[in-house]
Structures are given as structure tokens and as C-alpha cells.
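Undergrad:
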Amino acid sequence: MNDHTLTEVLERVSRAWMTASVELDIRVVAPYRLDAPSGSAECVAFLPDFGGPSGMVIGAIMAPRFQTDKRIMHLCNEVGVYCSFINVDAYFDYRKERFIDALRDWGYFGNAEKQPNWFTVKIGIKPKDNNGGKGAGVEGHIYFEGL
Amino acid sequence: MASESEAVELLKKAGATIERIEAGHLPPNPHCYPHINFTTPTGAKGTIRIR
């Protein structure tokens with residue numbers, strides 16, 4: 000990735016999300032220009048069905064500082080969309096497991112009838128192993144499979 | 000609680016891969032606070048809360 004310019008990197012990550020759109024059957028706008036009352040910003044992508052009821056914006060963070068863009072965060076707050084900053088090294092190319100992991104973490108908020116079949120979040124209680132693993136006790140902790 | 004930059008430095012020193020930095024999620028996700036998602040050198044996933 001070091002041989003690429005910043006613009007090339009962001010375009011490549013945006014393309015990876017367009018690939019995810021096809022492969023995972025999700026709505027993606029990439030690259031995305033975020034327009035808010037106090038200004039605009041170029042972002043990696045917009046996912047209308049994830050992150051929150053109004054969708055989410057994906058911003059970029061890069062080594063070595065991994066500094067988030069506070070202006071993008073502010074603009075997202077203004078228009079009421081969720082915001083996540085992804086490490087461009089980790090999302091440079093489309094990788095199914097990594098992208099699904101992020102999408103599950105962000106949560107699906109779109110039309111229930113159009114929810115992708117790969118999107119499942121199982122919620123349950125995992126018992127504490129305080130009786131030699133011989134069965135579920137009363138105590139336990141909630142787990143969220145896929146998060 | 001660590002700031003964003005402090006947490007980034009801690010994770011870098013630990014050899015972790017920083018995946019995402021994001022605001023708190025809506026339920027049912029339990030991470031309802033600003034956080035960093037990371038992967039350890041052994042492949043374990045984790046989350047660190049930030050200010």
C-alpha cells in the first residue's frame with residue numbers, strides 16, 4: 000500500500016466496499032460525499048442499512064497515527080448518521096470474513112425483509128464455568144455471537 | 000480511561016492490528032461507548048473503550 004497516493008488508497012478502499020455490495024447483497028454508496036449544514040466531506044462509503052436507522056458513513060484511518068477525522072464525526076452528528084473509521088490497511092481489498100465481521104458489529108437497520116441471509120446475531124447467556132463444566136448454573140454473562 | 004491517541008499507542012506497542020475506531024453502537028451491540036476494535040497478534044479480537 001505504501002506505493003499508493005492517499006487518493007489511490009481511498010479509491011481502492013471505496014472499490015472494496017463496492018465489491019462487498021455485490022458479494023454480500025448490501026446497499027453501498029462509494030465513494031461518498033457527506034453533505035451537512037456546516038459543510039461537506041469526502042468519505043470512503045455510505046451504508047444506508049447499517050449502523051443506525053439513518054445509515055452510516057465510513058471514514059478512513061491510516062498508520063502510523065490512526066487519527067480519526069473529527070470534522071467527519073461532527074458532520075455525521077449533524078445529519079444523524081453513525082460513523083466508523085476503518086484502518087485502510089485492513090480494508091484495502093475485499094475479504095469476506097473481515098467485511099462481514101464489521102457489518103455484524105455495526106448492525107443491520109434496513110428493511111427486515113431485505114436483511115442479508117448471512118446477517119445473524121445470536122444472543123444468549125453463556126454460563127460461568129464454576130461447576131467443572133457440568134452444566135449451566137444461574138450465573139452467566141450475555142454473549143453476542145458475531146460481535 | 001485512555002484517550003483515542005493513548006489507546007492507539009498502547010495497541011501499537013502490544014503489536015495489535017487496529018481495525019476500526021468508532022462511536023458507541025445502538026443495542027443489541029453492548030459496545031455503546033466510543034471504542035477501538037483490534038486484533039491481537041494471536042488472532043484474538045478485542046475492544047478497548049476510549050474517552
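Protein sequence lines correspond, in order, to chains D and U.
The numbering of the first sequence is numbering that gives the first Met the number 0, which starts it at 0 and goes up by one.
The numbering of the second sequence is numbering that gives the first Met the number 0, which starts it at 0 and goes up by one.
All C-beta atoms in this analysis are idealised placements derived from N, C-alpha and C, irrespective of residue type, glycine included.
Note that the structure is predicted; figures quoted are calculated from it, not measured.
For Thr41 of chain U, which residues in chain D fall below 9 angstroms Cβ to Cβ?
TA: Working through the second sequence from its first residue, we reach residue 41 of chain U at position 42. Chain D residues near Thr41 of chain U: none, gap ~17 angstroms exceeds 9 angstroms.
Undergrad: Closer than 9 angstroms by beta-carbon distance: list the chain U residues that pair up with Gly109 of chain D, in chain order.
TA: Translated into positions along the first sequence, residue 109 of chain D becomes position 110. Chain U residues near Gly109 of chain D: none, gap ~14 angstroms exceeds 9 angstroms.
Undergrad: Would you give the residue range spanned by the beta strand (DSSP E) that Val87 of chain D belongs to?
TA: Here the question's residue 87 of chain D lines up with position 88 in the first sequence. Where Val87 of chain D is concerned, there is no enclosing beta strand (DSSP E), given that its DSSP letter is neither H nor E.
Undergrad: Would you say the stretch 6-25 of chain D touches the stretch 70-78 of chain D, given that touching needs at least three Cβ pairs under 8 angstroms?
TA: Counting Cβ pairs under 8 angstroms, fewer than three are found: no touch.
Undergrad: Which residues in the same chain as Glu3 of chain U place their Cβ atom closer than 8 angstroms to its Cβ, once the five residues preceding and following it in sequence are excluded?
TA: Start at 1 with the first residue of the second sequence, and residue 3 of chain U comes out as number 4. Only Ile20, Pro33, Ile35, Ile49, Arg50 meet the Cβ criterion.
Undergrad: Mind listing which residues of the stretch 9-42 of chain U have their C-beta closer than 8 angstroms to chain D's C-betas, in chain order?
TA: Going along the stretch 9-42 of chain U in chain order, one finds Lys11, Thr16, Ile17, Glu18, Arg19, Ile20, Glu21, Ala22, His24, Leu25, Pro27, Asn28, Pro29, His30, Asn36 with a Cβ nearer than 8 angstroms to chain D.
Undergrad: Please check if any C-beta of chain U sits within less than 7 angstroms of the C-beta of Ile25 of chain D.
TA: Position 26 of the first sequence, counted from the start, is the residue given in the question as residue 25 of chain D. Answer no: the Cβ-Cβ gap between Ile25 of chain D and chain U never drops below 7 angstroms.
Undergrad: Closest to Leu9 of chain U by CA distance: which of D:Asp92, D:Asp88, D:Tyr81, D:Arg64 is it?
TA: Translated into positions along the second sequence, residue 9 of chain U becomes position 10. Minimum Cα distance to Leu9 of chain U is reached at D:Arg64.
Undergrad: With a CB to CB cut of under 8 angstroms and the five nearest residues on each side skipped, what residues in its chain are close to Arg26 of chain D?
TA: Counting from 1 along the first sequence, the entry for residue 26 of chain D is found at position 27. So the list reads Ser20, Leu46, Pro47, Asp48, Gly109, once near-sequence residues are dropped.
Undergrad: Mind pulling the chain U residues with CB within less than 8 angstroms of Asp92 of chain D?
TA: As a first step, residue 92 of chain D must be located in the first sequence, where it is residue number 93. Within chain U, no residue comes near Asp92 of chain D; the closest Cβ sits about 15 angstroms away, beyond 8 angstroms.
Undergrad: With which residues is Asn36 of chain U paired in a DSSP beta bridge?
TA: Counting from one through the second sequence, the residue named residue 36 of chain U turns up at place 37. Beta-bridge pairing links Asn36 of chain U to U:Arg19, U:Thr46.
Undergrad: Please tell me whether Asp68 of chain D and Gly58 of chain D are closer than 7 angstroms, where the distance is taken between their beta carbons.
TA: As a first step, residue 68 of chain D is located in the first sequence; it is residue number 69 there, counting from the start. As a first step, residue 58 of chain D is located in the first sequence; it is residue number 59 there, counting from the start. In contact: Asp68 of chain D and Gly58 of chain D (Cβ atoms closer than 7 angstroms).
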